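Residue numbers (the working numbering): 15 to 305.
By construction, the Cβ of each residue, glycine as well, lies at the ideal position given by its N, Cα and C atoms.
A quick note: this is a predicted structure, and the numbers were derived from the prediction, not measured.
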């Protein structure tokens with residue numbers, strides 16, 4: 015069973031002073047600004063905030079307004095930084111709504127804002143492994159004050175016993191996610207290197223997570239993109255992706271070509287995903303031969 019975001023934040027009692035002190039009000043839509051990379055959803059799915067994805071919400075807002083207030087905090091120059099409710103805000107902007115209802119939390123830092131964002135989503139979503147991972151790394155950056163590269167170096171040093179766990183990351187990770195520094199430095203960190211298309215394929219269930227891990231072995235971005243397309247079309251396993259990225263070196267090219275020519279006579283027997291995969295592979299071979 016999927017876990018909610020609730021386990022990723024301090025007990026609600028610790029946030030009570032903030033939540034009870036938040037002010038309900040209405041502000042001009044233009045005052046609310048979205049911080050880049052604050053919402054993991056946008057990193058997982060580049061189309062999450064497209065016009066098509068927001069069409070239903072926009073229609074609802076045009077008919078009834080925003081029923082659930084946005085969560086915001088104080089920004090510079092009279093602006094407000096969004097904590098939670100990006101889809102509602104974008105739909106309100108698309109609907110040319112002049113004002114939006116907000117829950118104003120005053121001046122709070124990034125770490126507390128991320129915790130509140132997770133709290134706001136706790137009752138409404140079941141985050142995927144990818145969403146948990148992106149949020150987890152964001153919270154660890156806030157906790158340690160390290161940038162992404164520095165955090166990854168620190169996690170690897172902890173795993174190898176070369177540094178002291180001064181921030182208590184191992185205990186925090188185990189109590190929050192049930193896995194420690196080793197998993198996050200060796201496995202979860204790989205998700206940070208996924209391309210937007212890979213993130214979307216995994217998130218939508220069209221690509222297995224372990225198969226996505228294997229794509230990092232590609233020698234060029236072009237190969238990685240091509241194998242991703244083939245893996246999605248053929249519903250490849252991690253082993254199949256690994257095999258596609260392993261150069262064939264055991265047989266001379268002429269022998270391999272002769273074998274393939276003989277096997278291609280049975281290509282018409284393929285159906286469904288297998289036929290689609292074969293077509294993609296033959297098109298790639300044709301492009302290679304044409305130079």
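Inter-residue spacing [alpha-carbon to alpha-carbon] between residue 166 and residue 101: 30 Å
I want to know whether the segment 85 to 103 touches the segment 122 to 129 - three or more CB-CB distances under 8 Å. yes
Are the CB atoms of residue 203 and residue 242 within a distance shorter than 8 Å? no
What span of residues does the alpha helix (DSSP H) with residue 88 cover, start to end? Per DSSP, residue 88 belongs to no alpha helix (DSSP H); it is in the beta strand (DSSP E), 84 to 88.
Who are the Cβ neighbours of residue 116 in its own chain at under 8 Å, not counting the five residues just before and after it? 38, 39, 40, 41, 46, 83, 84, 85, 86, 94
Quick one: what does DSSP say residue 113 is sitting in, helix, strand or coil? strand
Cβ-based neighbour list, residue 154, same chain, cut-off 7 Å, excluding 5 preceding and 5 following: 165, 183
By the DSSP assignment, the alpha helix (DSSP H) with residue 144 in it spans what residues? 143 to 158
In whole angstroms, what is the alpha-carbon distance linking residue 114 and residue 228? 44 Å
Between which two residues does the alpha helix (DSSP H) harbouring residue 122 extend? Note, residue 122: premise wrong, no alpha helix (DSSP H); not H, not E.
Option nearest residue 225 by Cα separation, candidates 108, 212, 235: 212
Residues of its chain near residue 304, where Cβ-Cβ distance is below 6 Å and the 5 sequence neighbours each way are ignored: none
Any idea which residues DSSP pairs residue 39 with across the strands? 116
Residue 94, enclosing beta strand (DSSP E) - first and last residue: 94 to 98
Alpha carbons only, please: which of 277, 301, 145, 172 is nearest the one belonging to residue 208? 145
With burial defined as no fewer than 16 other Cβ atoms inside 10 Å of the residue's Cβ, what is the status of residue 220: buried or exposed? exposed
Counting only the same chain and skipping the five closest in sequence on each side, list residues whose C-beta sits under 7 Å from that of residue 294. 243, 244, 247
Neighbourhood of residue 288 by C-beta, 8 Å cutoff - its chain only, sequence neighbours within 5 removed: 248
Provide the residue span of the alpha helix (DSSP H) that contains residue 252, from first to last. 252 to 258
Here's the rule: buried if 16 or more other CB atoms are within 10 angstroms of the residue's CB, otherwise exposed. What is residue 150? buried
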